[in-house]
Amino acid sequence: MNTLTWRRPASLPPITQNEVHIWRVHLPLAPARYADLWQVLNEEERERARRFHFERDRQCSVTARGILRLLLAWYGVGEDGAELKPASLNFRYNAYGKPEVSGARLAFNVTHSGAMILLAFSPLQLLGVDVEYMRAQSDLESLARHFFAPEECATLLALPAEQRVQAFYNCWTRKEAYIKARGLGLSLPLDSFTVSLKPGEPAALLACTDDKRTPADWSLFALDPGQEYAGALAVCPGSSPCVVRCWDWHDALFTGL
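Each position in the sequence shown, counted from 1, maps to that position plus 54 in the working numbering.
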C-alpha cells in the first residue's frame, strides 16, 4: 500500500522540482507560537479569525494560514527572483475558491479536521490534499449512495461491517484530494469519477469522465495522519514520477524562519 511515513526534521528542508512536501500540524500550538503566527496575518485574515465563535476554530484558522505563509516564504523566491516575505504574500482565488499566491512558483493546498492540519507544497501545479477525522456514521450507507459512484457504493457495501468506516473515509478523502487538485470545487460531482477504497489496497484514481488527463496521469497516495484520521494526496506529476515527503511541524522550526 502506498502509505507514507512521517518524519520530524531537525531543520526546514528545501524542496526540489519533482517533490511534494506535506506538513502535519497538531493543534493546539503553544500560546506564544500562536501569537507569532498572528503577527504574519493580514487584517482580512485576522478579521476572519475573530468571527469564529469557538476558540478552537479561531486557533485552527490562524495556525493554518500563519504556517502556510511561513512555509511559502521559506520554500523559495517568487517568479521574478525576489525573496518572499511571510507577511507580504498576497493571496488570490480562482472562480471555485482555490487560493493561489501572486508571484509564487509553488502550488499548495491546505486541509484540516479535528485537531489536525495538513499543508501540501510542490512545484507541480496540480495538487490536492485532504484529511478527515473518522467519526462513526449511522447513515454511512445513505451518504455513500448520495455522494459516491455506484461502483464505489457496491464495493463499500460488500466489505465486512468492521471495514466500512475506514473504506468510507478512504473514498471520501481521495475524492476530495482529487477535486482540490483539479481546482474545481464541488462543481465537479463526487460521483463523476471513481477511486479505490478497500483498506489495505493502494490509493488510485480508477476512472474519470470529464478530465483531459487519464487516470494513469494521476498519482493518489494514502496518508496516515494519525489514529482516527484518514488522509489522501492527489497530484498530477507529468512525465516524471514525484517523490512525496511527509514532515511533522514542531516548535523548533519557528527558529529557522
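For glycine and all other residues, C-beta sits at the position ideal for the given N, C-alpha and C.
Taking residue i as the reference, which of the options has the closest Cα?
| i | options | result |
| --- | --- | --- |
| A286 | G151, T165 and I121 | T165 |
| G130 | A84, P67 and R189 | P67 |
| M188 | S294, C296, R119 and P279 | P279 |
| F308 | R61, Y150, W128 and L240 | W128 |
| L242 | D265, P253 and L126 | D265 |
| S196 | D184, G182, V183 and L211 | L211 |
| W92 | G292, F201 and P140 | P140 |
| E230 | C207, R105, Q217 and F201 | F201 |
| T117 | K234, L260 and L95 | L95 |
| L180 | R199, L160 and L194 | L160 |
| V183 | C114, L138, S65 and V298 | V298 |
| P253 | R123, P82 and L213 | L213 |
| A306 | A270, T59 and S65 | S65 |
| P256 | Q281, C262, A288 and I233 | A288 |
| Q113 | P82, L126 and C225 | P82 |
Count the other CB atoms, across all protein chains shown, that sit within 10 Å of the CB of residue i; report buried if there are 16 or more and exposed otherwise.
| i | result |
| --- | --- |
| N163 | buried |
| N144 | exposed |
| A268 | Contrary to the premise, residue 268 reads as Thr rather than Ala in this sequence. Classification for T268: exposed. |
| Q71 | exposed |
| E109 | exposed |
| L178 | buried |
| E186 | buried |
| L240 | exposed |
| M55 | Low confidence applies to M55: its pLDDT is 47, below 50, so where it sits in the model is not reliable, and the reading given next is rough at best. Burial call: exposed. |
| E97 | exposed |
| A190 | exposed |
| A86 | exposed |
| T227 | buried |
| S312 | Absent from the structure is residue 312, since the part of the chain shown begins at 55 and ends at 311. |
| Y223 | buried |
| G237 | buried |
| Y283 | buried |
| G292 | exposed |
Which class does residue i belong to by DSSP, given the choice of helix, strand or coil?
| i | result |
| --- | --- |
| G151 | coil |
| Y283 | strand |
| P275 | Here residue 275 turns out to be Phe, not Pro, going by the sequence shown. If DSSP states are grouped into helix, strand and coil, F275 belongs with the strands. |
| Y187 | strand |
| L34 | Outside the displayed span of the chain (55 to 311) sits residue 34, for which this structure offers no information. |
| D90 | helix |
| A258 | coil |
| T263 | coil |
| C114 | helix |
| D193 | coil |
| I69 | coil |
| R299 | strand |
| G120 | helix |
| L138 | coil |
| A270 | helix |
| Q175 | Sequence check: residue 175 is Phe here, not Gln. Note: F175 maps to strand in three-state DSSP. |
| F308 | helix |
| L181 | strand |
| A169 | coil |
| R146 | strand |
Hey, does residue i have any beta-carbon neighbour from chain B nearer than 9 Å?
| i | result |
| --- | --- |
| F175 | Of the chains in the structure shown, none is chain B; there is only one protein chain. |
- Item | beta strand (DSSP E) runs contained entirely in the segment 195 to 256, provided each spans 3 or more residues | Taking only runs of at least 3 residues, the beta strand (DSSP E) segments lying wholly in the segment 195 to 256 are 247 to 249.
- Are three or more beta carbon pairs between the segment 146 to 165 and the segment 243 to 250 nearer than 8 Å? no
- Message: Taking 8 Å as the cut-off, does the segment 71 to 80 touch the segment 168 to 177 (at least 3 CB pairs, one atom from each stretch)?
- Response: yes
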